[in-house]
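Structure record follows, encoded as structure tokens.
Protein chains in written order, with this note's numbering: chain A, 404 to 718; chain B, 225 to 457.
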């Protein structure tokens with residue numbers, strides 16, 4: 404009788420099965436130390452790569468807008484009389500007056516003769532004047548937008564035919580290529596981080612399988628399906644990779660804020676001293692929370708594939 | 225003991241079954257042909273290395289036959305899809321010679337494992353495990369891990385785990401090897417009761433006195449070949 408009472412009490416104590424019951428002993432086989440640490444390091448690198456991609460994109464947009472809005476105007480035969488619309492003025496003066504009143508032109512400056520000579524130096528030598536060539540007048544124009552170039556060119560033709568308006572298309576393309584390269588490097592870094600993370604999880608999973616081989620074979624023999632066994636591994640590894648990535652992201656954010664503060668004077672981002680959240684681009688704030696979930700997905704998929712592949716050799 | 229009410233879906237049948245561990249390895253079982261109808265009881269006898277454990281591994285679906293036709297609980301194993309084997313395994317109870325308990329689980333959880341894998345409600349698991357643990361006399365040891373149990377206690381846990389799901393086929397490899405006479409007799413009573421309820425039972429043993437005390441048909445293996453049945457001699 405006493406044994407029955409005692410047994411009921413003892414059995415009652417073990418009757419509430421915990422939801423995270425660990426039939427395969429994976430808490431010890433898949434340690435919560437090394438793997439999360441490695442994943443945290445990978446997530447840290449992923450954050451830096453992501454920030455690099457966002458920064459490259461922002462910088463490229465900044466460069467593009469500056470380069471596209473910078474126009475160069477060349478007026479051949481600058482001292483000859485202008486067209487009918489510019490009666491009494493030289494061609495250069497007519498263009499200069501037109502630029503001053505042109506909507507969309509923020510500023511216009513005529514380069515000095517020495518500046519023009521310096522620009523042509525690589526082709527004409529250092530003393531272009533002695534060649535008795537009539538050099539064009541050159542204006543450096545800051546426009547509100549690159550689209551101003553088209554209307555400006557048409558207008559200037561009525562003042563001085565043959566005037567050229569260049570929109571710095573070559574620089575625009577080069578900067579575009581440079582920005583694309585930077586973003587591609589950042590994307591490649593992200594892909595590599597994902598690949599290494601996958602490899603790390605796969606190695607950890609195989610180590611876990613090796614450590615629990617007997618237990619797996621026993622539960623397999625008792626009728627556990629591949630899905631049951633792979634699911635136990637996947638649940639454990641999803642939790643570990645999610646936690647590791649979360650730690651990595653949280654660790655990287657302070658560093659990003661410091662970098663953002665240091666680079667603030669060189670960018671169009673809000674100045675140092677503004678609200679903490681505003682120091683980083685909104686798109687980066689939106690992307691950071693997705694990293695732990697992406698890591699969790701990598702953990703789940705890698706564990707499922709690795710365990711199922713190993714189980715497939717069992718009868 | 226004699227075959228109880230037979231049924232094709234509760235028995236086993238081997239036709240020319242051979243088993244090799246590896247393509248180049250010599251066969252450990254040679255063209256075995258016999259059948260045990262549902263509800264039957266057989267002793268499996270033979271010297272060490274005769275192939276008893278290999279035959280039990282075949283019947284527990286731990287390996288597939290290299291040749292021949294094997295039918296277990298109504299399923300033709302050579303044509304059964306791998307995905308269909310787990311439900312079949314859940315209808316088979318096994319007592320391993322080396323117990324094969326999970327060292328990180330308590331005795332309670334080891335015994336409960338087959339029921340949990342089958343998706344039984346936890347309340348039912350508790351009731352069934354409670355009953356079987358009382359039967360094998362381990363009520364006070366339910367929280368103990370295998371490393372904390374004696375060899376005999378581990379064997380009783382292994383037996384409890386094998387019978388907890390009331391299997392259609394029960395296979396035991398030297399189940400009394402670590403039990404005293406009293407416990408061995410209790411085990412035989414349990415096996416007889418399961419057999420009476422329709423479970424097909426095959427017990428491999430070296431214990432001749434046990435076989436004498438519980439006469440039944442026997443399969444005798446010698447170097448992987450089925451050489452004789454005591455009834456035939």
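Don't be surprised by glycine CBs; every beta carbon is placed ideally from N, CA and C.
Looking at chain B, is there any beta carbon in it that lies within less than 8 Å of the beta carbon of residue 613 of chain A? Along the first chain, one-based indexing puts residue 613 of chain A at 210. No, no contact with chain B.
Residue 405 of chain B, enclosing alpha helix (DSSP H) - first and last residue: Numbered from 1 along the second chain, position 181 holds the residue referred to as residue 405 of chain B. Residue 405 of chain B -> alpha helix (DSSP H) spans 405-420.
Would you say residue 622 of chain A faces chain B, with C-beta separation under 8 Å as the test? If you number the first chain from 1, residue 622 of chain A lands on position 219. Taking Cβ atoms only, chain B reaches closer than 8 Å to residue 622 of chain A, which makes this a yes.
Take every Cβ of the region 472-487 of chain A, pair it with every Cβ of the region 538-558 of chain A, and state whether three or more of those distances are shorter than 8 Å. yes
Simplified DSSP state of residue 323 of chain B, which is helix, strand or coil: The residue given as residue 323 of chain B occupies position 99 in the second chain. In the structure shown, residue 323 of chain B sits in coil (DSSP, three-state: anything other than H, G, I, E or B).
For residue 175 of chain B versus residue 403 of chain B, is the C-beta distance shorter than 8 Å? Because residue 175 of chain B is not part of the residues shown, which for chain B are 225 to 457, the question remains open.
Considering only the beta carbon of each residue, do residue 507 of chain A and residue 551 of chain A sit closer than 8 Å? In the first chain, counting from the first residue as 1, residue 507 of chain A sits at position 104. In the first chain, counting from the first residue as 1, residue 551 of chain A sits at position 148. Cβ atoms of residue 507 of chain A and residue 551 of chain A: closer than 8 Å.
Where does the unbroken beta strand (DSSP E) through residue 623 of chain A begin, and where does it stop? Mapped onto the first chain, residue 623 of chain A falls at position 220. Not the beta strand (DSSP E): residue 623 of chain A falls in the alpha helix (DSSP H), residues 616-624.
Cβ of residue 634 of chain A less than 8 Å from any chain B Cβ? Taking the first chain and counting its residues from 1, the one referred to as residue 634 of chain A is at position 231. Not one chain B Cβ lies under 8 Å of residue 634 of chain A.
Counting only the same chain and skipping the five closest in sequence on each side, list residues whose C-beta sits under 8 Å from that of residue 349 of chain B. Your numbering for residue 349 of chain B matches position 125 in the second chain. Here the set comprises 336, 339, 340.
So, helix, strand or coil for residue 708 of chain A, using DSSP? Reading the first chain from its first residue, position 305 is the one you call residue 708 of chain A. Reduced to three states, the DSSP call for residue 708 of chain A is helix.
If contact means a Cβ-Cβ distance below 7 Å, which residues of the region 385-409 of chain B contact chain A? none
Contact criterion: CB-CB distance below 8 Å. Does residue 435 of chain A meet it with respect to chain B? In the first chain, the residue the question calls residue 435 of chain A occupies position 32. Answer no: the Cβ-Cβ gap between residue 435 of chain A and chain B never drops below 8 Å.
Cβ-Cβ distance between residue 362 of chain B and residue 383 of chain B below 8 Å: What you label residue 362 of chain B is simply residue 138 of the second chain in a count that begins at 1. What you label residue 383 of chain B is simply residue 159 of the second chain in a count that begins at 1. Cβ atoms of residue 362 of chain B and residue 383 of chain B: not closer than 8 Å.
For residue 370 of chain B, which residues from the same chain have a beta carbon less than 6 Å from its beta carbon, with the 5 sequence-adjacent residues on both sides left out? As a working note, residue 370 of chain B is residue 146 in the second chain. Cβ within range, chain order: 325, 327, 378.
Pick out whichever of B:293, B:266, B:354 has its Cα sitting closest to the Cα of residue 439 of chain B. For the purposes of this step, residue 439 of chain B is taken as residue 215 along the second chain, with counting starting at 1. That would be B:266, whose Cα lies nearest to the Cα of residue 439 of chain B.
Can you have a look at residue 499 of chain A and say buried or exposed, based on whether 16 or more other CB atoms are within 10 angstroms of its CB? As a first step, residue 499 of chain A must be located in the first chain, where it is residue number 96. Classification of residue 499 of chain A: buried, given that the 10 Å Cβ count is 16 or more.
Please tell me whether residue 610 of chain A has its Cβ less than 8 Å away from any Cβ of chain B. Working through the first chain from its first residue, we reach residue 610 of chain A at position 207. Cβ-Cβ to chain B under 8 Å: no for residue 610 of chain A.
Taking the C-alpha atoms as reference points, what is the distance between residue 251 of chain B and residue 419 of chain B? Position 27 of the second chain holds residue 251 of chain B. Position 195 of the second chain holds residue 419 of chain B. Roughly 32 Å between the two C-alpha positions.
Partner residues on chain B for residue 628 of chain A, Cβ-Cβ distance less than 7 Å: Counting from 1 along the first chain, the entry for residue 628 of chain A is found at position 225. Simply 310.
Going by DSSP in three states, residue 242 of chain B sits in which element: helix, strand or coil? By one-based count along the second chain, residue 242 of chain B stands at place 18. Correct three-state label for residue 242 of chain B: strand.
Please confirm whether residue 432 of chain B and residue 274 of chain B have their CB atoms less than 8 Å apart. As a first step, residue 432 of chain B must be located in the second chain, where it is residue number 208. As a first step, residue 274 of chain B must be located in the second chain, where it is residue number 50. Contact flag unset, no.
Element boundaries [alpha helix (DSSP H), containing residue 333 of chain B]: The sequence position of residue 333 of chain B within the second chain is 109, counting from 1. Start and end: 331-341.
Do residue 260 of chain B and residue 429 of chain B have their C-beta atoms within less than 8 Å of each other? One-based indexing of the second chain puts residue 260 of chain B at position 36. One-based indexing of the second chain puts residue 429 of chain B at position 205. Against a cut-off of 8 Å, the Cβ pair of residue 429 of chain B and residue 260 of chain B comes out as no contact.
Cut-off 8 Å between Cβ atoms - residues of its own chain near residue 491 of chain B, not counting five sequence neighbours on either side: In the structure as shown, chain B begins at 225 and stops at 457. Residue 491 of chain B is therefore absent and cannot be evaluated.
Here's a check: name, in chain order, each residue in its chain whose Cβ is nearer than 8 Å to the Cβ of residue 609 of chain A, leaving out the five neighbours to either side. Here residue 609 of chain A refers to the residue found at position 206 of the first chain. Result list for residue 609 of chain A: 709, 713, in chain order.
Could you pull out every residue in the same chain whose Cβ sits closer than 7 Å to the Cβ of residue 723 of chain A, ignoring the five residues on either side in sequence? With chain A covering 404 to 718 only, the question about residue 723 of chain A has no answer from this structure.
Quick one: Cα of residue 359 of chain B to Cα of residue 444 of chain A, how far? As a first step, residue 359 of chain B must be located in the second chain, where it is residue number 135. As a first step, residue 444 of chain A must be located in the first chain, where it is residue number 41. Near 54 Å, if we compare the C-alpha coordinates of residue 444 of chain A and residue 359 of chain B.
Just grab the DSSP bridge partners of residue 393 of chain A for me. Absent from the structure is residue 393 of chain A, since the part of chain A shown begins at 404 and ends at 718.
Would a check of beta-carbon distances place residue 618 of chain A closer than 8 Å to chain B? As a position in the first chain, residue 618 of chain A is number 215, starting the count at 1. With 8 Å as the cut-off, residue 618 of chain A counts as an interface residue toward chain B.
Does any residue of chain A bring its CB to less than 8 Å from the CB of residue 293 of chain B? As a first step, residue 293 of chain B is located in the second chain; it is residue number 69 there, counting from the start. Answer no: the Cβ-Cβ gap between residue 293 of chain B and chain A never drops below 8 Å.
What is the residue span of the beta strand (DSSP E) that residue 641 of chain A lies within? Here residue 641 of chain A refers to the residue found at position 238 when the first chain is read from its first residue. Note, residue 641 of chain A: premise wrong, no beta strand (DSSP E); alpha helix (DSSP H) at 629-666.
Measuring alpha carbon to alpha carbon, tell me which residue in A:611, A:528, A:436 is nearest residue 428 of chain A. If you number the first chain from 1, residue 428 of chain A lands on position 25. Among A:611, A:528, A:436, the Cα nearest to that of residue 428 of chain A is on A:611.
Taking the C-alpha atoms as reference points, what is the distance between residue 466 of chain A and residue 512 of chain A? Here residue 466 of chain A refers to the residue found at position 63 when the first chain is read from its first residue. Here residue 512 of chain A refers to the residue found at position 109 when the first chain is read from its first residue. For residue 466 of chain A and residue 512 of chain A, the distance between alpha carbons rounds to 21 Å.
Runs of 3 residues minimum, wholly inside the region 374-402 of chain B: which ones carry the beta strand (DSSP E) assignment? 393-397
Please confirm if the region 653-664 of chain A is in contact with the region 610-629 of chain A, defined as three or more CB-CB distances below 8 Å between the two stretches. no
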